[in-house]
Amino acid sequence: MNLELSAEQSAVKALARDFTDREITPHAAAWDRAESVDRGIVKKLGALGFLGLTIEERYGGCGGDHLAYCLVTEELGRGDSSVRGIVSVSLGLVATSIARWGSEEQKQEWLPRLTSGQALGCFGLTEPGTGSDAARLTTRAERDGDTYVITGSKMFITNGTWADVVLLFARTGGEPGHRGISAFLVPADAPGLTRREIHGKLGLRGQATAELALDAVRVPAAAMLGPEGKGFSVAMAALAKGRMSVAAGSVGIAQACLEAAVAYAGQREQFGAPIAGRQLVQELLADIAVDVDAARLLTWRVADHIDRGLPFATESSTAKLYAAEAAVRCANNALQVFGGYGYIDEYPAGKLLRDARVMTLYEGTSQIHKLLIGRALTGVSAF
């Protein structure tokens, strides 16, 4: 793997960094307090091509490799992980799934809108009773002639109240576990689909996280994404790449911690000198810097494997596990550098810690990823 960015990748990173510094970072604290990102950011993301990375140009995308995608999601995560989540879900989970599994009609209907920011997607897998155990989801889709009637509920759905289309997973057969699950593209304005935004979250406060309720929602059979009964494969394929995006976003949080802590340490004086000259403060900064580099390289390895057509599921779990836990450590260390000022939201350390904490929970908890890595090493499933 060549660790030197190409000219194109460097340009993408610079574009994303400039956009983040101008359009996201200055507003992040206000969005956090208001529990709502300015929705106008979506069209700006689309205009720069950030919602079309890795998608073919004939469907409105801008192509590019998966490392460029990681570079963008890292920079967005550095500014505000709530904005990063918009891209990670609408592009990384929904649009890429349509590009891989969709019919030509489905691609033509949804991809140009998703890649331009005219529409957003959300990923309807998690339910109130099934988080890590997604194969036991209970939402059902019953065949009725040329349509399916879907009834059930979904929980903690990113982009849930903003989305125009839901990539929804429901049970279509009587088989237990993953065998009876199918995937559907459900328009968010379909009769019988209601959405309630979840407020009072610890972190990612600006993100539109929602609960979805489906009461006899009717969709045409042509809305099924991929073969019947293969919905779990659709979901797991999306999440394998999605974990790379979460890892990149975690690197962004960690990088923000490093930049904020270094800047503050150089300005804050105690005992007649900047605290940057104190050995134990330098230890905190060094620990953050090492975590940033290690997490970034693990994430880049996933992108490299994907772009070269190599297996990447275990590498993705490794990167997501390490980067998410590293982001929490970095945020804790940054808050320690800030001292008492880190505990108030005038400074970024507290928000970074709150946003980092959820990275260890969604798209597979840290414990689930340890089990996945352990199974890959031993060939034995743990219970």
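Residue numbers (the numbering used here): 111 to 493. Heads up, the beta-carbon is just placed ideally off N, CA and C, and yes, glycines get one too. Please read these numbers as outputs of a predicted model, since none were measured by experiment.
Sheet register partners of T379 (DSSP bridge): Position 269 of the sequence shown, counted from the first residue, corresponds to residue 379. Note that residue 379 is Glu in the sequence shown, not Thr. Answer by DSSP bridge pairing, in chain order: P384.
Assigned secondary structure, R292 (DSSP; H/G/I helix, E/B strand, else coil): As a working note, residue 292 is residue 182 in the sequence shown. The question names Arg, yet the displayed sequence has Ser at residue 292. Residue state, collapsed to three classes: strand.
When the Cα of T282 is compared with those of L247, W272 and D299, which residue comes out closest? In the sequence shown, the residue the question calls residue 282 occupies position 172. L247 is the residue among L247, W272 and D299 whose C-alpha sits nearest the C-alpha of T282.
Check E307 in the structure and name its three-state DSSP category. Here residue 307 is taken as the residue at index 197 of the sequence shown, counted from 1. In this structure, E307 counts as strand in the three-state DSSP scheme.
Under 8 angstroms, with one C-beta from each stretch per pair, do the stretch 412 to 422 and the stretch 323 to 340 reach the 3-pair mark? Too few Cβ pairs lie closer than 8 angstroms, so no.
Classification of I454 by the beta-carbon crowding that lies within 10 angstroms, buried from 16 upward: Walking along the sequence shown from the start, residue 454 turns up at place 344. Burial call: exposed.
Do you know whose CA, among R315, S263, G284 and G310, lies nearest G302's CA? The residue you call residue 302 lines up with position 192 of the sequence shown. Measuring from the Cα of G302, the nearest candidate turns out to be S263.
Can you round the beta-carbon distance between I260 and V344 to whole angstroms, since I take them to be within the 8 angstroms contact cut? Here the question's residue 260 lines up with position 150 in the sequence shown. Here the question's residue 344 lines up with position 234 in the sequence shown. About 16 angstroms; that fails the 8 angstroms criterion.
Could you pull the start and end residues of the beta strand (DSSP E) that E473 belongs to? For the purposes of this step, residue 473 is taken as residue 363 along the sequence shown, with counting starting at 1. From DSSP, E473 is part of no beta strand (DSSP E); its letter is neither H nor E.
The stretch 390 to 407 touching the stretch 318 to 332, judged by at least three CB pairs closer than 8 angstroms: Result no; under three Cβ-Cβ pairs closer than 8 angstroms.
Identify, in the order they occur along the chain, each residue of the same chain with its Cβ nearer than 6 angstroms to the Cβ of G187, setting aside the five sequence neighbours on each side. Translated into the one-based positions of the sequence shown, residue 187 becomes position 77. So the list reads R194, G359, G362 and I363, once near-sequence residues are dropped.
If you count every other CB in all the chains shown that lies within 10 Å of the CB of D190, and 16 or more means buried, which is it? Your numbering for residue 190 matches position 80 in the sequence shown. With 16 or more Cβ atoms within 10 Å of its Cβ, D190 is classed as buried.
For the alpha helix (DSSP H) that contains I208, what are its first and last residues? Translated into the one-based positions of the sequence shown, residue 208 becomes position 98. Counting along the chain, the unbroken alpha helix (DSSP H) around I208 starts and ends at T206 to W211.
Should N269 go down as buried or exposed, given a rule of 16 or more other Cβ atoms within 10 Å for buried? Counting from one through the sequence shown, the residue named residue 269 turns up at place 159. Under this definition N269 is a buried residue.
Under a Cβ-count criterion, where at least 16 other Cβ atoms within 10 Å of its own Cβ denotes burial, should R353 be classed as buried or exposed? Against the sequence shown, residue 353 aligns to sequence position 243. Buried, by the Cβ-count rule.
Beta-carbon separation of L463 and G313 under 9 angstroms? Taking the first residue of the sequence shown as position 1, residue 463 is located at position 353. Taking the first residue of the sequence shown as position 1, residue 313 is located at position 203. It is a contact, given that the beta carbons lie within the stated cut-off.
So, helix, strand or coil for L115, using DSSP? Indexing the sequence shown from 1 puts residue 115 at position 5. In this structure, L115 counts as coil in the three-state DSSP scheme.
Which residue's Cα is closest to the Cα of Q317: N112, A144 and T135? Within the sequence shown, numbered from 1, the residue matching residue 317 stands at position 207. That would be A144, whose Cα lies nearest to the Cα of Q317.
Which whole-angstrom value describes the C-beta separation of H288 and F233, a residue pair presumed to lie in contact below a C-beta threshold of 8 angstroms? In the sequence shown, the residue the question calls residue 288 occupies position 178. In the sequence shown, the residue the question calls residue 233 occupies position 123. Not quite, the Cβ-Cβ distance comes to about 16 angstroms (not below 8 angstroms), so this is no contact.
If we count the other Cβ atoms within 10 Å of its Cβ and call it buried at 16 or more, is T319 buried or exposed? The residue labelled residue 319 in the question sits at position 209 within the sequence shown. The Cβ neighbour count for T319, taken over all protein chains shown within 10 Å, is at least 16; the residue is labelled buried.
The beta strand (DSSP E) enclosing Y179, as first and last residue numbers: Residue 179 sits at position 69 when you count from the first residue of the sequence shown. Counting along the chain, no beta strand (DSSP E) covers Y179; the unbroken alpha helix (DSSP H) around it starts and ends at H176 to G189.
Nearest by alpha-carbon distance to R295: which of Y451, A205 and F422 is it? The residue you call residue 295 lines up with position 185 of the sequence shown. Correcting the residue type first, residue 295 is Leu in the shown sequence and not Arg. Cα-wise, what sits closest to L295 is A205.
Taking the straight line between their C-alpha atoms, what separation do you get for S476 and S355? Indexing the sequence shown from 1 puts residue 476 at position 366. Indexing the sequence shown from 1 puts residue 355 at position 245. Roughly 15 angstroms separates the two Cα atoms.
Quick one: residues in its chain with C-beta nearer than 6 angstroms to the C-beta of G156, no 5 flanking neighbours on either side, listed in chain order? As a position in the sequence shown, residue 156 is number 46, starting the count at 1. Result list for G156: S226 and G227, in chain order.
When burial is assigned at 16 or more other CB atoms within 10 Å of the CB, is V199 buried or exposed? Here residue 199 refers to the residue found at position 89 when the sequence shown is read from its first residue. Classification for V199: buried.
Is the distance from the Cβ of P274 to the Cβ of L230 below 9 angstroms? The count along the sequence shown starts at 1 and reaches residue 274 at position 164. The count along the sequence shown starts at 1 and reaches residue 230 at position 120. The residue asked about is misnamed: residue 274 is Asp in this sequence, not Pro. Taking 9 angstroms as the Cβ cut-off, D274 and L230 qualify as a contacting pair.
Could you check where the alpha helix (DSSP H) with G156 kicks off and where it finishes? Sequence index remark: in the sequence shown, residue 156 carries index 46 (1-based). G156: member of the alpha helix (DSSP H) spanning I151 to A157, first to last residue.
Give the C-beta separation of I385 and N443 to the nearest angstrom, bearing in mind that I take them to be a contact with Cβ-Cβ under 8 angstroms. Along the sequence shown, one-based indexing puts residue 385 at 275. Along the sequence shown, one-based indexing puts residue 443 at 333. Between I385 and N443 a beta carbon distance of about 13 angstroms is seen, past the 8 angstroms cut, so the two are scored as non-contacting.
Alpha carbon of A436 to alpha carbon of L368, nearest angstrom: Indexing the sequence shown from 1 puts residue 436 at position 326. Indexing the sequence shown from 1 puts residue 368 at position 258. Each residue's CA atom was taken as its position, placing A436 and L368 some 12 angstroms apart.
Classification of F170 by the beta-carbon crowding that lies within 10 angstroms, buried from 16 upward: Counting from 1 along the sequence shown, the entry for residue 170 is found at position 60. The question names Phe, but residue 170 is Gly in the sequence shown. It is buried - the Cβ of G170 has at least 16 other Cβ atoms within 10 Å.
In chain order, what residues of the same chain have a beta carbon less than 7 angstroms from the beta carbon of I151, not counting five sequence neighbours either side? Position 41 of the sequence shown, counting from 1, holds the residue named residue 151. So the qualifying residues of the chain are E133 and V193.
So which of D465, A441, G173 and T271 has the shortest CA-CA distance to L394? Against the sequence shown, residue 394 aligns to sequence position 284. Ranked by how close their Cα comes to the Cα of L394, the residues D465, A441, G173 and T271 have A441 in first place.
Could you check the C-alpha separation between T183 and T488 for me, to the nearest Å? Mapped onto the sequence shown, residue 183 falls at position 73. Mapped onto the sequence shown, residue 488 falls at position 378. Each residue's Cα considered, the two are about 32 angstroms apart.
Going by other Cβ atoms of all chains shown within 10 Å of its Cβ, with 16 needed for buried, is P458 buried or exposed? As a position in the sequence shown, residue 458 is number 348, starting the count at 1. With 16 or more other Cβ atoms within 10 Å, it is buried.
Within its chain, find whatever has a CB closer than 7 angstroms to the CB of G159; leave out the 5 residues flanking it on each side and keep chain order. On the sequence shown, position 49 is the one that residue 159 refers to. If the five residues before and after G159 are omitted, its C-beta is found closer than 7 angstroms to the C-beta atoms of C172, all from its own chain and listed in chain order.
Below 8 angstroms on the Cβ atoms is my guess for A209 versus V122; work out the distance and round it to an integer in Å. Here residue 209 corresponds to residue number 99 of the sequence shown, with the count starting at 1. Here residue 122 corresponds to residue number 12 of the sequence shown, with the count starting at 1. At roughly 19 angstroms, the Cβ-Cβ gap does not stay under 8 angstroms, so A209 and V122 are not in contact.
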